[in-house]
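Colleague: Got a structure for you, questions after.
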Amino acid sequence: MFPYMIEIARKKKDVQSIYCVGRNYLEHINELNNKPTDAPMIFIKPKGSILLTQTMHIPKNTNELHYECELVLSLGKSGENISEEKALDYIDGITVGIDFTARDLQEIEKKSGHSWTLSKCQKGFTVLGEWQAFGKTEYNFHLLVNSDRKQTGDSNKMRFNFAKIISYISSMVPLYDGDIIYTGTPAGVSKVYTGDTLEGFIEDNRVLQLGIV
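First residue of the sequence shown: 18, per the numbering used here; consecutive thereafter.
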């Protein structure tokens with residue numbers, strides 16, 4: 018079962034750290050009544066939160082499990098204090114992922130001044146689609162829920178682009194081959210229900226399919 022393996026261009030490697038960027042799309046910031054940050058908002062997820070099947074079980078400790086679809090990057094080499102000019106050279110793969118969030122638990126954590134551990138890091142809350150080789154600087158993506166488009170995103174609308182994110186994180190902590198980065202979700206997040214089917218696309222390519230039970 019573990020370690021979780023990434024396969025990119027027929028090469029397999031273990032997942033290392035999982036970094037996530039919050040509040041990276043202005044419309045999503047507004048829909049949750051949050052405030053923009055001056056620098057990327059970074060949080061992490063444990064490897065144990067990666068979903069290993071195509072079925073997501075809603076945990077009993079939340080009544081508000083929300084999908085957050087986003088572009089996910091894989092790093093192909095290690096480095097620290099990486100310049101923005103060289104940052105894209107460190108990316109070897111891209112996919113669509115879902116950062117599941119127990120919104121009711123997150124609101125409790127936020128009001129208590131706690132980190133988002135319980136709302137973001139439970140089993141299955143980190144979903145990854147099929148990986149593609151990274152080949153350009155801008156990507157669009159979308160999420161269908163029961164065949165209805167619910168989220169649409171474009172990397173050129175990010176407040177902090179791929180290069181900025183990688184440079185910023187690496188200025189704080191070394192990054193390693195096998196690290197993955199969730200780059201933020203656009204507007205349209207909402208609750209999932211038993212029986213829902215979620216499909217994630219990069220451009221017109223479906224790379225993720227998931228059932229909710």
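Glycine included, every Cβ here is placed at the ideal spot set by N, Cα and C.
Helix, strand or coil: which one does DSSP assign to residue 40?
Modeller: If DSSP states are grouped into helix, strand and coil, residue 40 belongs with coil.
Colleague: For residue 51, does the three-state DSSP call read helix, strand or coil?
Modeller: In this structure, residue 51 counts as coil in the three-state DSSP scheme.
Colleague: Can you tell me whether DSSP reads residue 140 as helix, strand or coil?
Modeller: If DSSP states are grouped into helix, strand and coil, residue 140 belongs with coil.
Colleague: Quick check on residue 117: does DSSP put it in helix, strand or coil?
Modeller: Reduced to three states, the DSSP call for residue 117 is coil.
Colleague: State yes or no: is the C-beta of residue 90 within less than 7 angstroms of the C-beta of residue 108?
Modeller: Yes, the Cβ-Cβ distance between residue 90 and residue 108 is below 7 angstroms.
Colleague: Report yes if the CB atom of residue 229 is closer than 7 angstroms to the CB atom of residue 156, and no otherwise.
Modeller: No. Outside cutoff.
Colleague: Assuming residue 118 contacts residue 137 under a Cβ cut-off of 8 angstroms, what Cβ separation, rounded to an integer in Å, is found between them?
Modeller: Right, their Cβ atoms sit about 6 angstroms apart.
Colleague: Please state if the CB of residue 148 and the CB of residue 110 are separated by a distance shorter than 7 angstroms.
Modeller: Result yes, Cβ atoms of residue 110 and residue 148 sit closer than 7 angstroms.
Colleague: Apply the 10 Å Cβ neighbour rule to residue 24 and answer buried if 16 or more other Cβ atoms are within range, or exposed otherwise.
Modeller: With fewer than 16 other Cβ atoms within 10 Å, it is exposed.
Colleague: Using DSSP with H/G/I as helix, E/B as strand and the rest coil, what is residue 46?
Modeller: Helix at residue 46.
Colleague: Where does residue 103 sit, in a helix, a strand or coil, going by DSSP?
Modeller: Helix.
Colleague: Rounded to the nearest angstrom, what separates residue 62 and residue 133 at their Cα positions?
Modeller: Cα to Cα, the separation comes out at about 10 angstroms.
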